[in-house]
């Protein structure tokens, strides 16, 4: 073989090796660690392509199961061995990492939170409540556990569908019946909540009227209702727990996450019953409309029913004054106050409506 041929082959091999190296580097899987027999992956709050659990799990050919909620910093510490471990009163009950710099706000935006592995055992899951929620607004990193999709249900469903199809060819009436049956068996998939897994939810169902009479009227707002730990005889049946209504601002925070709006507030919160969340029709800053309420399998109007719209109603001053509390009055959450602000006067014991968002004031409303 000539020297020219050898040189040409060497050049081709070099190009191919470079292409392979580039391809391998460009499709690198997210970092992972094994903690107590479970594999956790980094959800990067600063990477818009990898800032949700669903995106991270999809990158490794799996689906999101849940975030790391073992109430310690064990997972974060494996990724950041030189970090400080802190148990906090703000953040999330799922592990998170802070580097004390923008674009994060809140606890992770504090410059004193540089290189910190944190967890808030008494907090809600917040951004970790669903797998499709970006974490970057408040957290630099969170840690998700993925699982392999189970396909048995789909294959058996396909076999049943095939049998129905062959049977339907014998008769037009059977074909119509089979089509209706197939429609009823359609499912909507939703991300898991804490401890849950992906699974089928029935199509939106409704009752006569379809609207819980406790919702009432909320002029100038859109409403989403949720149910938790209902009592026998309630309008809906639910055995799940969503929020501790008595906890300070817990109901408002739940509604903020559920409606994906910083202006959302709790209008009502029952420990055993209904939670009513509202969002203004005309918020102070522009935001996309809420197309559907967050999934609640126990909602009589439907799992992902659209919000109840009171935007066409003129807000009555008399009605508003009668249904809302003035500054200085006792409150459980901001939705009870005319100003939307419920602050702790004696934290943990006494909360009152305030004119100011962060300071207790009864003047200047």
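Numbering (my numbering), first residue to last: 6 to 370.
Even for Gly, the Cβ is constructed at its ideal location relative to N, Cα and C.
A quick note: this is a predicted structure, and the numbers were derived from the prediction, not measured.
Local conformation of residue 259 per DSSP, three classes: Looking up residue 259 in the chain shown gives position 254. Looking at residue 259 - three-state DSSP - the assignment turns out to be helix.
Could you check where the alpha helix (DSSP H) with residue 299 kicks off and where it finishes? Residue mapping note: residue 299 aligns to position 294 of the chain shown, counting from 1. Per DSSP, residue 299 belongs to no alpha helix (DSSP H) and is neither H nor E.
Using only the alpha-carbon positions, how far apart do residue 287 and residue 37 sit? Translated into the one-based positions of the chain shown, residue 287 becomes position 282. Translated into the one-based positions of the chain shown, residue 37 becomes position 32. So the alpha carbons of these two residues sit roughly 43 Å apart.
Pick helix, strand or coil for residue 342, following the three-state DSSP scheme. Working through the chain shown from its first residue, we reach residue 342 at position 337. Residue state, collapsed to three classes: strand.
For residue 346, count the other beta carbons within 10 Å of its own beta carbon; 16 or more makes it buried, fewer makes it exposed. Which is it? Here residue 346 corresponds to residue number 341 of the chain shown, with the count starting at 1. Buried, because 16 or more other Cβ atoms sit within 10 Å of the Cβ of residue 346.
When the Cβ atoms of the segment 102 to 122 are set against those of the segment 143 to 150, are three or more pairs found closer than 8 Å? yes
Using the three-state DSSP reduction, which class does residue 64 fall into: helix, strand or coil? As a position in the chain shown, residue 64 is number 59, starting the count at 1. If DSSP states are grouped into helix, strand and coil, residue 64 belongs with the helices.
Across which residues does DSSP place residue 220 in a beta bridge pair? In the chain shown, the residue the question calls residue 220 occupies position 215. In DSSP, residue 220 forms no bridge with anything.
Is the segment 39 to 53 touching the segment 118 to 126, taking contact as three or more C-beta pairs under 8 Å? no
Once DSSP output is grouped into helix, strand and coil, what is the label at residue 35? Indexing the chain shown from 1 puts residue 35 at position 30. Looking at residue 35 - three-state DSSP - the assignment turns out to be coil, as it is neither helix nor strand.
Residue 140 and residue 79 - do their beta-carbons sit closer together than 8 Å? For the purposes of this step, residue 79 is taken as residue 74 along the chain shown, with counting starting at 1. For the purposes of this step, residue 140 is taken as residue 135 along the chain shown, with counting starting at 1. Going by C-beta atoms, residue 79 is not nearer than 8 Å to residue 140.
In three-state terms, what does DSSP make of residue 283? Here the question's residue 283 lines up with position 278 in the chain shown. Residue state, collapsed to three classes: strand.
Residue nearest to residue 43 in terms of C-alpha spacing, selected from 307, 83, 59 and 52: Reading the chain shown from its first residue, position 38 is the one you call residue 43. Checked all of 307, 83, 59 and 52; the closest Cα to residue 43 is 83.
Can you list, in chain order, the stretches of the alpha helix (DSSP H) that have 4 or more residues and sit fully within the segment 58 to 140? 58 to 64 and 79 to 84
Secondary structure of residue 453, DSSP reduced to three states: The requested residue 453 is not part of the displayed model; the chain covers only 6 to 370.
Flag this pair as yes or no: are the beta carbons of residue 280 and residue 230 separated by less than 8 Å? By 1-based counting over the chain shown, the position of residue 280 is 275. By 1-based counting over the chain shown, the position of residue 230 is 225. Taking 8 Å as the Cβ cut-off, residue 280 and residue 230 qualify as a contacting pair.
With 16 other CB atoms within 10 Å as the buried threshold, where does residue 94 fall? As a working mapping, residue 94 is identified with position 89 in the chain shown. Under this definition residue 94 is an exposed residue.
Nearest-angstrom Cα separation, counted from residue 276 out to residue 236: Numbered from 1 along the chain shown, position 231 holds the residue referred to as residue 236. Numbered from 1 along the chain shown, position 271 holds the residue referred to as residue 276. Approximately 10 Å, taken between the alpha carbons.
Are residue 298 and residue 284 closer than 8 Å when you measure CB to CB? For the purposes of this step, residue 298 is taken as the residue at position 293 of the chain shown. For the purposes of this step, residue 284 is taken as the residue at position 279 of the chain shown. In this structure, residue 284 does not lie closer than 8 Å to residue 298 by Cβ.
In angstroms, rounded to a whole number, what distance separates the CA positions of residue 70 and residue 150? Here residue 70 is taken as the residue at index 65 of the chain shown, counted from 1. Here residue 150 is taken as the residue at index 145 of the chain shown, counted from 1. Distance between the alpha carbons of residue 70 and residue 150: 6 Å.
Buried or exposed: residue 355, going by 16 or more other Cβ atoms within 10 Å of its Cβ? Translated into positions along the chain shown, residue 355 becomes position 350. By the 10 Å Cβ count, residue 355 comes out exposed.
Straight-line gap, residue 307 to residue 89 (C-alpha atoms, nearest Å): Here residue 307 refers to the residue found at position 302 when the chain shown is read from its first residue. Here residue 89 refers to the residue found at position 84 when the chain shown is read from its first residue. If I take the Cα positions, the gap works out to 45 Å.
Give the range of the beta strand (DSSP E) segment to which residue 334 is assigned. Counted from its first residue, the chain shown places residue 334 at position 329. No beta strand (DSSP E) contains residue 334, which DSSP labels as neither H nor E.
Quick one: give me the first and last residue of the beta strand (DSSP E) that residue 348 is part of. Counted from its first residue, the chain shown places residue 348 at position 343. From DSSP, the beta strand (DSSP E) with residue 348 extends over 347 to 351.
Whole-Å CB distance - residue 357 paired with residue 334, under 8 Å assumed: Counting from one through the chain shown, the residue named residue 357 turns up at place 352. Counting from one through the chain shown, the residue named residue 334 turns up at place 329. Contact holds; Cβ gap of about 6 Å.
Host beta strand (DSSP E) of residue 152 (start-end): For this step, residue 152 is matched to residue 147 along the chain shown. Run containing residue 152: 146 to 152, per the beta strand (DSSP E) assignment.
Nearest residue (CA-CA) to residue 243, options 251, 233, 249 and 250: As a working note, residue 243 is residue 238 in the chain shown. Measuring from the Cα of residue 243, the nearest candidate turns out to be 233.
For residue 406, report the span of its beta strand (DSSP E) as first-last. This structure does not reach residue 406, given that the chain is present from 6 up to 370, and the question cannot be answered.
What residues in its chain sit with their C-beta under 6 Å from that of residue 257, if we drop five residues either side in the sequence? As a position in the chain shown, residue 257 is number 252, starting the count at 1. If we look at residue 257 and ignore the five residues flanking it on each side, its Cβ neighbours are 270, 271, 338 and 339.
Per DSSP, which residues does residue 49 bridge with? Please list them. Locating residue 49 in the chain shown gives position 44, where the first residue counts as 1. Residue 49 pairs with 146.
Since residue 314 sits in a beta bridge, which residues does DSSP pair it with? Translated into the one-based positions of the chain shown, residue 314 becomes position 309. Paired residue(s): 227.
Please look up how many angstroms separate the CB atoms of residue 365 and residue 350, rounded, as I've assumed it's under 8 Å. Residue 365 sits at position 360 when you count from the first residue of the chain shown. Residue 350 sits at position 345 when you count from the first residue of the chain shown. Between residue 350 and residue 365 the Cβ distance is about 6 Å, and since that is below 8 Å, they are a contact.
Span of the beta strand (DSSP E), counted from its first residue to its last, around residue 357: The residue given as residue 357 occupies position 352 in the chain shown. Here the beta strand (DSSP E) through residue 357 covers 355 to 358.
Rounded to a whole number of angstroms, what is the C-alpha to C-alpha distance between residue 368 and residue 360? On the chain shown, position 363 is the one that residue 368 refers to. On the chain shown, position 355 is the one that residue 360 refers to. Looking at the two C-alpha atoms, the distance is approximately 6 Å.
Could you give the distance in angstroms between the alpha-carbon of residue 118 and the alpha-carbon of residue 111? In the chain shown, counting from the first residue as 1, residue 118 sits at position 113. In the chain shown, counting from the first residue as 1, residue 111 sits at position 106. Cα to Cα, residue 118 sits roughly 10 Å from residue 111.
Determine the DSSP secondary structure at residue 366, reduced to helix, strand or coil. Working through the chain shown from its first residue, we reach residue 366 at position 361. Looking at residue 366 - three-state DSSP - the assignment turns out to be coil, as it is neither helix nor strand.
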